[in-house]
Amino acid sequence: MTRFLARRLAWFAITLFVVVTISFFLMRAVRGGPFDGERRLDAAVELNIKARYHLDWPPWRQFLHYVGPFNLDEHRAEFLGGDGGRVFGGVLVGDLGPSFRYRDFTVNDIIAQSLPISVLLGLVALMWALSLGISAGIASALRRGSGLDVAIRLLATGGIVLPNFVIATFLVLVFVFMLGLLPVAGWGTLKHMLLPGLALGAPFAAYIARLTRTGMLEVLSQDYIRTAHAKGLPARLVILRHALKGGLLPVISYLGPATAGILTGSLVIERIFYIPGTGSHFVNSALNRDYTLSMGVTILYTVLVYGLNTVVDFAYTLLDPRIKLEEE
Amino acid sequence: MVGAAVMGGSEVRERLSARTVRRSLAFLLLAGLFAGALAIASGARIEEADFTFSNGTEVSTLDPATVTGVPEGRVIRAIFEGLVVKHPQTLAPLPGMAESWEISPDGLTYTFHIRKNAVWTNGDPCTAHDFDYSFRRMLDPETGAEYSYQLDYLRGAKAYRTDIDPETRRPRRSWDTVGVRVADDHTLLLALEEPTHYFMALAGFYPLFPVNRRNIEEAKRDFPDTWQLEWLRPENIVTNGPYRVAARRVNDRIRLVKNPDYWDAENVAFDTIDVLAIENWSTQLNVYLTGGCHWIDQVPPLQVPNLLPREDFNPEPYFGSYFYRINVTRPPLDDVRVRKALALSIDRRAICEKVTKAGERPSYSLVPPGLPSYRNAEMEKEDLARARQLLADAGYGPGGAEFPSIEIHYNTSEKHRDVAEVIQNGWKRDLGIDVKLLNQEWKVYLDSQTNLQYDVSRSAWIGDYDDPNTFLDLFLTGGGNNKTGWGNPRYDRLIAEARKLFDPAERMKVLHDAERILMDELPIIPIYSYVTSDVVAPRLGGFHWNILDEHFPKFFYWMDDEELAAVRARQPADWVRVPFDAGPPEGQYAPARLRERRP
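Read top to bottom, the protein sequences are chains A and B. Counting with the working numbering, you get residues 1 to 328 for the letters of the first sequence. Counting with the working numbering, you get residues 1001 to 1599 for the letters of the second sequence.
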């Protein structure tokens, strides 16, 4: 257990370092800079803006300054020739730097403001995905081959095939403009969360429905289920207590990637529903060449995806005693 | 159950509880996360504002000296105030921080009398010293003010900001060499390099708005590392305009509240304004249509035909040009006959009617039409026979060389692609030229344009102030925004000459002559001139069309039913009335009083 965690942590450090290094230099290799605009900057002005963000330094120095833990600007340690005002800095001490595009905010500010929103949106989406997906999957498995099964499978295929902005548009049309039940966009109340959550969760619900159906069908054909039926247990109990536990295993293993997918895939939904979350920064920061914000979000997602996968591996052992962490 | 019967009772309980714990663990985790996130996210929930508008994107910063964008301008005009305020309809200067001003007969010295009741939100009086400090800060290279050249009209300002010691990066010249004098706390003297016809328009232009010195210096003291953004935080920023910043959330909103100490506060109607950062045009329109905001400035092109019959959508001429830059350093485009042939065979009407659809006008000049005192110099109208002749003269076509294939370069966007396709088809059909389309992501596109890595490149420009110069000075030889490789000494001379002229008519004549050169040599091909695409709640008073599409929250108010009815009585009968209930309960503001006081 401890060994498992220690090994995971070591790999995590290596992964993060590789991700940070590659994206740091890739970002800078792309044509166009953060301060290129339709209006060409005055050469002297451009020089000064670049100096403010240390873009006039050689890349290796920018990298060291960015990663930390030692600060390299004029406030660096006295033995390095600075005034000693701030010896430490950089990612290693939790400072992700100022944003280039949103110049009144640090990357830490932006993530602190937007991450809770994205997490909340992701949870709503996950709840939609799980509740719709699992119930549809069970129904589909129990009525295998029936009209209901065919309908659910068709819907599920649709949910996987249709991009979420199509689903979003459809939902807005029905629930906002036809029924007038929910707000069209924005963030604040639970009402604001339902539509974007559903649109974001729909493809995952579809996938979960398929996984649940397959898992349930496999479990339902096993001996212990037949035994349970033979004992005269009510069908409801057999399904909910005995079959579901095994049938859901594939869903559990899918939860890690699904959560990561929901969190990182919220870009389009955030745009359509005007939600100030982190997802939109993931792509926009790269388009804006907002180096620091882009790096910050990349680091954040690396941590999230890695962390979630670890949690899922953990959850596995809780659900299925046959799986041991050490076997990994 | 058989198994359980053999087990001890405690064992059963243990297994049960372990199972319960396992089960509830995941659930608790999820519920906890949800509750936590809900608590954090809902903490920022705030009451609806009196007036809400969508700004199209998040502003890059609130520092007036360092921004150049339209969205930034809208917020800065609400929270800061310059020497003068612009009239919402005519854009003529109205008293702002300066209650009056005089211009010397030679047009070189401006004397501004700063009002005595002008205060900052931190209680400091706003004086001539603040302008001195702010202009100096703007010209200081350390500030990185993108618009610093807008102050070049001040005597010595250009030399001050460009004569920099490469070692220290500080200006070598003394601030005394710049034409800014503080005669006393309430008198500011500005000496100009040349009599600048539009200087009063610049005095009301947001980059020249003042900032509070104490605000910045306290931030420098308290946050030596991050003061550059700390002074702009809602809790720190000090402003002098009709509104102050109450809260900000990136990509969400800026909440503005009325500044009770503002000198003209009694004429400011709204107590709160929300500035939304909706980027998606469809979402923006949906939010407007469902009452979530009262003014949007962009609509999805596909929706234009549906919106045109409505009373709340009235496209009007806008001071912007859509044109193609031509890389004159690349043969065969270095031949003016080729450029002219290309320019003469663009179906501008088809572009305006089939692609853009909002009433844009085919354009034959760089400067958009609509300035009352300026006569545009236009290129010839479309003429296919002449275009073919020109191409033949240049040695291409039947009997001549084969015209090499050229590329139209644009930034990735459906609209630009559609326009380019119309032009591509036209050139192929009418001139037999093989045209390829090349779209690039925005920053790459800009980079290609700047480095002249294109044949023909989609471009646009929106005027900064209502004068032809804001367009014509783009194409000075070697200018940073020229990006065509074109240059003409006579053109440069005319633009410089126009700067020195004080007589408006004579000046406009010289600018016309300059544009004539541009339209004869065609380093750019005009395509169409813009129209505004504001959708505005019919009940909003104080919102007027003007050629710069600049609007001033200071003058906004809700009309009462009587005034709205009167306005509607003047509208064309076939307009679709938009029932718009947004607005205050009647009598919350005093529109009648405001109406009388309004300019």
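C-beta: ideal position from N, C-alpha, C; glycine also.
key: Residue nearest to residue 1515/B in terms of C-alpha spacing, selected from 1368/B, 1194/B, 1124/B, 1326/B   = The shortest C-alpha separation from residue 1515/B is found at 1368/B.
query = Listed from N- to C-terminal order along the chain, which residues in the stretch 1143-1158 of chain B have their beta-carbon within a distance smaller than 8 Å of any beta-carbon of chain A?
reply = If the cut-off is 8 Å between Cβ atoms, the stretch 1143-1158 of chain B has 1143, 1144, 1145, 1146, 1148, 1149 near chain A.
inquiry  = Are the CB atoms of residue 195/A and residue 172/A within a distance shorter than 8 Å?
reply    = Result yes, Cβ atoms of residue 172/A and residue 195/A sit closer than 8 Å.
request  = Say whether chain A places a C-beta atom closer than 8 Å to the C-beta of residue 1252/B.
outcome  = Under the 8 Å criterion on CB atoms, residue 1252/B is classed as interfacial with respect to chain A.
query = Around the Cβ of residue 1602/B, are there at least 16 other Cβ atoms within 10 angstroms (buried) or fewer (exposed)?
reply = Residue 1602/B is absent from the model: chain B starts at 1001 and stops at 1599.
key: Per-residue burial, residue 61/A [other beta carbons within 10 Å of its own, 16 or more giving buried]   = With fewer than 16 other Cβ atoms inside 10 Å of its own Cβ, residue 61/A counts as exposed.
key: Nonlocal neighbours in the same chain, by C-beta distance under 8 Å from residue 1378/B, ignoring five residues either side   = Short of 8 Å from the beta carbon of residue 1378/B, and not among the five residues preceding or following it, lie these beta carbons of its own chain, in chain order: 1364, 1365, 1519.
Environment of residue 1043/B [buried if 16+ CB atoms lie within 10 Å] = No answer about residue 1043/B holds up, because its pLDDT of 48 lies below 50 and its placement is not dependable.
Extent of the continuous alpha helix (DSSP H) to which residue 1116/B belongs = Counting along the chain, residue 1116/B falls outside any alpha helix (DSSP H), and DSSP gives it neither H nor E.
inquiry  = Measuring only the C-alpha atoms, how far is residue 1290/B from residue 1069/B?
reply    = Per the coordinates, the alpha-carbon of residue 1290/B lies some 28 Å from the alpha-carbon of residue 1069/B.
query = Does residue 77/A come within less than 8 Å of chain B when only Cβ atoms are used?
reply = Against chain B, the CB of residue 77/A has no partner CB under 8 Å away; the residue lies outside that interface.
query = Using the beta-carbon of each residue, which ones in chain B are nearer than 8 Å to residue 287/A?
reply = Contact of residue 287/A with chain B by beta-carbon distance below 8 Å involves 1441, 1442, 1443.
task = For the alpha helix (DSSP H) holding residue 1546/B, just list the boundary residues, first then last.
result = If you look at residue 1546/B, you'll find it isn't in any alpha helix (DSSP H); DSSP assigns it neither H nor E.
request  = Give a yes or no on contact between the stretch 1440-1457 of chain B and the stretch 1404-1411 of chain B, applying the rule of three or more CB pairs nearer than 8 Å.
outcome  = Contact holds: three or more Cβ-Cβ distances are below 8 Å.
key: From 1467/B, 1333/B, 1449/B, residue whose alpha carbon lies closest to that of residue 1372/B   = Nearest C-alpha to residue 1372/B: 1467/B.
ask   = Helix or strand or just coil, what does DSSP make of residue 1087/B?
value = DSSP, reduced to helix, strand and coil, places residue 1087/B outside both helices and strands of the structure shown, so it counts as coil.
query = If you draw a straight line from the alpha carbon of residue 129/A to that of residue 1577/B, how long is it in whole angstroms?
reply = Rounded to the nearest whole angstrom, the CA to CA distance from residue 129/A to residue 1577/B is 43 Å.
Pair within 8 Å by beta-carbon distance, residue 66/A and residue 185/A = Taking 8 Å as the Cβ cut-off, residue 66/A and residue 185/A do not qualify as a contacting pair.
task = Can you grab the Cα-Cα spacing for the pair residue 1060/B / residue 236/A, in whole Å?
result = C-alpha separation (whole angstroms): 58 Å.
message = Classify residue 22/A: buried if its beta carbon has 16 or more other beta carbons within 10 angstroms, exposed otherwise.
response = Per the 10 Å Cβ criterion, exposed.
query = Listing by chain order, which chain A residues have their CB less than 9 Å from the CB of residue 1287/B?
reply = In chain order: 183, 184, 185, 186, 274.
task = Write down the C-beta distance between residue 1313/B and residue 1535/B rounded to the nearest angstrom, noting that I regard them as a contact closer than 8 Å.
result = About 5 Å; that satisfies the 8 Å criterion.
inquiry  = In the DSSP output, which residue or residues are listed as bridge partners for residue 1300/B?
reply    = In DSSP, residue 1300/B forms no bridge with anything.
request  = Taking only the alpha-carbon atoms, compute the straight-line gap between residue 401/A and residue 1537/B and give it to the nearest angstrom.
outcome  = Beyond the ends of chain A as shown, which are 1 and 328, falls residue 401/A; an answer cannot be given.
task = Name, in chain order, the residues that DSSP records as bridge partners for residue 1109/B.
result = Under DSSP, residue 1109/B takes part in a beta bridge, and its partners are 1191/B.
query = Whole beta strand (DSSP E) runs in the stretch 1345-1422 of chain B with 3 or more residues, listed along the chain?
reply = With a minimum length of 3 residues, the continuous beta strand (DSSP E) runs that stay inside the stretch 1345-1422 of chain B are 1406-1411.
request  = State the DSSP-derived secondary structure class of residue 1211/B, mapped to helix, strand or coil.
outcome  = In the structure shown, residue 1211/B sits in coil (DSSP, three-state: anything other than H, G, I, E or B).
ask   = Does any residue of chain A bring its CB to less than 8 Å from the CB of residue 1452/B?
value = False, the Cβ-Cβ gap to chain A never drops below 8 Å.
ask   = Which residues bound the alpha helix (DSSP H) around residue 1132/B?
value = Here the alpha helix (DSSP H) through residue 1132/B covers 1128-1139.
query = Quick one: does residue 256/A have its CB under 8 Å from some CB of chain B?
reply = Under the Cβ criterion of 8 Å, residue 256/A is not counted among the residues facing chain B.
request  = Flag residue 113/A as yes if its beta-carbon sits less than 8 Å from any beta-carbon of chain B, otherwise no.
outcome  = Chain B contact via Cβ: present.
task = Just mark residue 222/A as buried or exposed, buried being the case when its beta carbon has 16 or more other beta carbons within 10 Å.
result = Residue 222/A should be labelled exposed.
key: is_contact[residue 248/A, chain B] using C-beta, thresh 8 Å   = Under the Cβ distance rule, residue 248/A does not count among the residues neighbouring chain B, no pair being separated by less than 8 Å.
query = Taking the alpha carbon of residue 30/A as the point to measure from, which residue in 175/A, 289/A, 150/A, 266/A has its own alpha carbon closest?
reply = Per the Cα distances, 289/A.
query = Which runs of the beta strand (DSSP E) spanning at least 3 residues fall entirely within the stretch 1204-1276 of chain B, listed in chain order?
reply = Here the runs fully enclosed are 1243-1249, 1253-1258, 1272-1276.
inquiry  = So, does the stretch 1476-1486 of chain B touch the stretch 1542-1556 of chain B, judging by three or more C-beta pairs under 8 Å?
reply    = The stretch 1476-1486 of chain B vs the stretch 1542-1556 of chain B: no contact.
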